[in-house]
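Numbering (our numbering), first residue to last: 295 to 583. Worksheet: one structure, shown below.
Okay, structure coming up:
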């Protein structure tokens with residue numbers, strides 16, 4: 295019994311060895327054949343899918359004919375009238391049905407609009423006409439020249455002499471007595487001490503004062519809301535407040551009464567005020583050398 299078992303085991307081992315030998319010799323060819331088979335099957339499956347795809351994309355050839363031959367059958371309801379039944383029967387008898395939308399005819403207004411548009415396109419475009427208006431004169435540039443009102447008012451020179459410190463509201467000038475730079479709201483006219491000081495216009499005396507800084511000062515009111523002021527005078531006895539004076543009338547003389555003009559020597563400090571604001575006296579006076 296044990297001998298038979300040994301024989302069976304030997305046979306099984308021999309069979310396994312035979313299989314191993316066969317696979318060892320022919321295994322490469324079997325694997326190659328299996329790979330080729332897989333490639334062929336895959337290629338056939340892909341080509342078939344592509345054919346089906348192309349076939350599905352192609353439009354049916356007789357699609358329009360099929361649609362044109364569609365028969366429409368209307369189902370009548372019990373509640374429909376006799377006239378509806380007759381019309382449905384006529385429609386059912388027809389084999390080919392052509393549905394066309396009604397074409398709206400253009401109205402008279404639309405026709406006129408289209409004609410006008412065509413005419414506008416065909417006509418040459420006219421260039422716009424330019425209207426030439428008279429050229430305006432440029433406004434006069436603002437400068438330091440006298441205004442019209444100042445030119446209408448002609449003053450005389452209050453004294454005969456030379457200009458010292460000029461009017462300077464927009465810049466600084468050097469004051470010799472004060473030894474500093476500051477603005478100057480009037481003009482200084484140097485002359486001989488005691489030389490007559492005259493009213494530059496007709497007017498009225500509105501102020502006569504003896505100021506510590508500006509010395510003896512006389513103010514005259516004139517037309518056009520003008521005030522003239524004369525300072526560093528020699529006397530205040532020649533006129534009084536409320537007195538009317540005429541153009542060229544002597545009202546005082548050049549003095550040395552102003553404390554802030556001591557080193558400058560005898561002079562007249564002359565001011566012109568327009569509507570309460572100091573302006574350049576040389577806009578109203580004749581040119582002084």
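Even for Gly, the Cβ is constructed at its ideal location relative to N, Cα and C. Please read these numbers as outputs of a predicted model, since none were measured by experiment.
Check                                                                                                                                                               : Outcome
Check for me: the beta strand (DSSP E) holding residue 524 runs from which residue to which?                                                                        : 520-527
Say whether the region 519-526 touches the region 468-475, bearing in mind that this needs 3 or more beta-carbon pairs closer than 8 Å, one atom from each stretch. : no
Going straight from the alpha carbon of residue 489 to that of residue 514, what length do you get?                                                                 : 19 Å
Please return the same chain residues whose Cβ sits closer than 7 Å to the Cβ of residue 497, not counting the five positions on each side in sequence.             : 514, 515, 516, 539
Rounding to the nearest angstrom, what Cα-Cα distance links residue 529 and residue 486 in this structure?                                                          : 15 Å
Going by DSSP, which residues form a beta bridge with residue 468?                                                                                                  : 475
Less than 7 Å between the C-beta atoms of residue 508 and residue 552, yes or no?                                                                                   : yes
What's the C-alpha gap between residue 535 and residue 545?                                                                                                         : 12 Å
If you compare alpha carbons, which of 541, 483, 510 is closest to residue 558?                                                                                     : 483
Tell me which residue opens and which closes the beta strand (DSSP E) that residue 532 is part of.                                                                  : Segment: none, residue 532 is in no beta strand (DSSP E) and carries neither H nor E.
Would you kindly work out how many angstroms separate the C-alpha atoms of residue 338 and residue 330, rounded to a whole number?                                  : 12 Å
Quick one: is residue 570 buried, meaning 16 or more other Cβ sit within 10 Å of its Cβ, or exposed?                                                                : exposed
Would you tell me roughly how many angstroms separate the C-alpha atoms of residue 503 and residue 456, rounded to the nearest one?                                 : 25 Å
Which word fits residue 316, buried or exposed, when buried means at least 16 other C-beta atoms lie within 10 angstroms of its C-beta?                             : exposed
Given a cut-off of 7 Å on the beta-carbon distance, is the pair residue 453 and residue 562 in contact?                                                             : yes
What did DSSP end up calling residue 569 once you bin it into helix, strand or coil?                                                                                : coil
Between the C-alpha atoms of residue 537 and residue 466, what's the straight-line distance to the nearest angstrom?                                                : 37 Å
For the candidate residues 500, 526, 499, whose alpha-carbon lies nearest to that of residue 510?                                                                   : 526
Any idea what DSSP makes of residue 515, helix, strand or coil?                                                                                                     : strand
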